[in-house]
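Undergrad:
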Amino acid sequence: MHPPAEVIATALEAQAPADLVVARAVPVHFPGGLVRTPAVLVARAAQESYAPGTVLLAVEVEPTADDRASSPAVYGEHGVPHVWRVTAEPPTIRVFALRDGVHQQVAASAHVIAHAPFRLAVDVTAR
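Using the UniProt record's numbering, the first residue of the sequence shown is number 1, and each one after it goes up by one.
#1: Are there 16 or more other CB atoms within 10 angstroms of the CB of H103, so buried, or fewer, so exposed?
#2: Can you tell me the Cβ-Cβ gap for residue 133 and V35, rounded? I've got them flagged as a contact below 8 Å.
#3: Rounding to the nearest angstrom, what Cα-Cα distance links E13 and A121 in this structure?
#4: How is the beta strand (DSSP E) around L98 delimited, first residue to last?
#5: Express the C-alpha separation of A51 and V106 in angstroms, rounding to a whole number.
#6: Start and end of the alpha helix (DSSP H) containing V7?
#7: Restricting to Cα atoms, I'd like to know which of L56, P90 and A88 is closest to H78.
Here's what the structure looks like:
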């Protein structure tokens, strides 16, 4: 079985519209010097690092050095509209969407069908 980040990145790359970029392990620099490096992100342009306002989706695969609860909050505080937290065992994608300035979990499954940041389907158990 492939690592979850690889499965997700491959699925996003195959389904992303031409005007969006899927990047792997590229840092996001937040105000105050905080840096997070999601396993995968979706943005409008390729860059060596990103400001949070340019990120449409950040995907973090556990375990990370970042706290499970604080990570979606940090992205939400800075306007990143979509965050996925992924666990390998059991294989689960927790989908968070920004609502009223706060990320709220809207789904949790091994297979995700989403309409934002673009129409996509991802199965984290895919081989």
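Ideal Cβ placement from N, Cα and C applies to all residues, glycine included.
TA: According to the data block:
#1: Taking the first residue of the sequence shown as position 1, residue 103 is located at position 103. A residue is called buried once 16 or more other Cβ atoms fall within 10 Å of its Cβ, and H103 is buried on that count.
#2: Any answer about residue 133 is impossible in this case: the structure gives the chain only from 1 up to 127.
#3: Position 13 of the sequence shown, counting from 1, holds the residue named residue 13. Position 121 of the sequence shown, counting from 1, holds the residue named residue 121. Near 11 Å, if we compare the C-alpha coordinates of A121 and E13.
#4: On the sequence shown, position 98 is the one that residue 98 refers to. Annotation for L98: the continuous beta strand (DSSP E) segment containing it runs T92 to R99.
#5: On the sequence shown, residue 106 is found 106 positions in, with the first residue counted as 1. On the sequence shown, residue 51 is found 51 positions in, with the first residue counted as 1. So the alpha carbons of these two residues sit roughly 25 Å apart.
#6: As a working mapping, residue 7 is identified with position 7 in the sequence shown. Unbroken alpha helix (DSSP H) run through V7: P4 to Q15.
#7: Indexing the sequence shown from 1 puts residue 78 at position 78. Nearest option by C-alpha distance: L56.
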